[in-house]
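Beneath this line is the structure, given in structure tokens, with notes to follow.
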Amino acid sequence: MSKIIYVDIDETICYYDEPLEDFNYALAKPNHEAIELMNEMYDLGNTIIYWTARGTITGIDWYDLTKSQFKEWGVKYHDLRMGKPAYDLFICDKTKRMDELV
Numbered sequence: 044m045s046k047i048i049y050v051d052i053d054e055t056i057c058y059y060d061e062p063l064e065d066f067n068y069a070l071a072k073p074n075h076e077a078i079e080l081m082n083e084m085y086d087l088g089n090t091i092i093y094w095t096a097r098g099t100i101t102g103i104d105w106y107d108l109t110k111s112q113f114k115e116w117g118v119k120y121h122d123l124r125m126g127k128p129a130y131d132l133f134i135c136d137k138t139k140r141m142d143e144l145v
């Protein structure tokens, strides 16, 4: 049975050499292992939706950069959604960290 899977972007399918300062998402580097896993989930027929808080705090529109990164990194997905709320802790009964999956 296929699933609808929401995936965060930063520190999930990409990482930063230095702590993320000034919200410069252009410095993101792909986490190839995580991207490969999510692409496999896509290929198995699951719906993959990337949901990000990029721009939530600053109001900067990172949509085009993010789509460009996805293309460059070979990310397979059905939808890219901005506007995820910024938070310090997300408590949910259905959450997983990427390191629990790869």
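Those letters in the sequence shown? Residues 44 to 145, per our numbering, in order. Glycine included, C-beta positions come from ideal geometry on N, C-alpha and C. Fair warning: this is a prediction, and the values are worked out from it, not measured in the lab.
Are the CB atoms of ILE78 and ILE103 nearer to each other than 7 angstroms?
On the sequence shown, residue 78 is found 35 positions in, with the first residue counted as 1. On the sequence shown, residue 103 is found 60 positions in, with the first residue counted as 1. In this structure, ILE103 does not lie closer than 7 angstroms to ILE78 by Cβ.
Endpoints, beta strand (DSSP E) assigned at TRP94
Counting from 1 along the sequence shown, the entry for residue 94 is found at position 51. Note, TRP94: beta strand (DSSP E), 90-94.
Out of MET44, TYR49, LYS72, point me to the one whose CA is closest to THR109's CA.
As a first step, residue 109 must be located in the sequence shown, where it is residue number 66. THR109 has its Cα closest to that of LYS72, out of MET44, TYR49, LYS72.
Out of THR99, MET81, GLY126, LYS139, which one is the CA nearest neighbour of PHE113?
Working through the sequence shown from its first residue, we reach residue 113 at position 70. Answer by Cα proximity: MET81.
For THR95, decide whether its Cβ has a neighbour in chain C, counting only Cβ atoms nearer than 7 angstroms.
The structure shown contains no chain C, having only a single protein chain.
Beta-bridge partners of ASP122, as assigned by DSSP:
Along the sequence shown, read from residue 1 onward, the residue named residue 122 stands at position 79. ILE92.
According to DSSP, simplified to helix, strand and coil, what is TYR58?
Mapped onto the sequence shown, residue 58 falls at position 15. The answer is strand: DSSP assigns TYR58 an E or B state.
7 angstroms CB neighbourhood of GLY98 in its chain, flanking five on each side removed
Along the sequence shown, one-based indexing puts residue 98 at 55. Within the same chain, GLY98 has close Cβ partners ASP104, TRP105, MET125.
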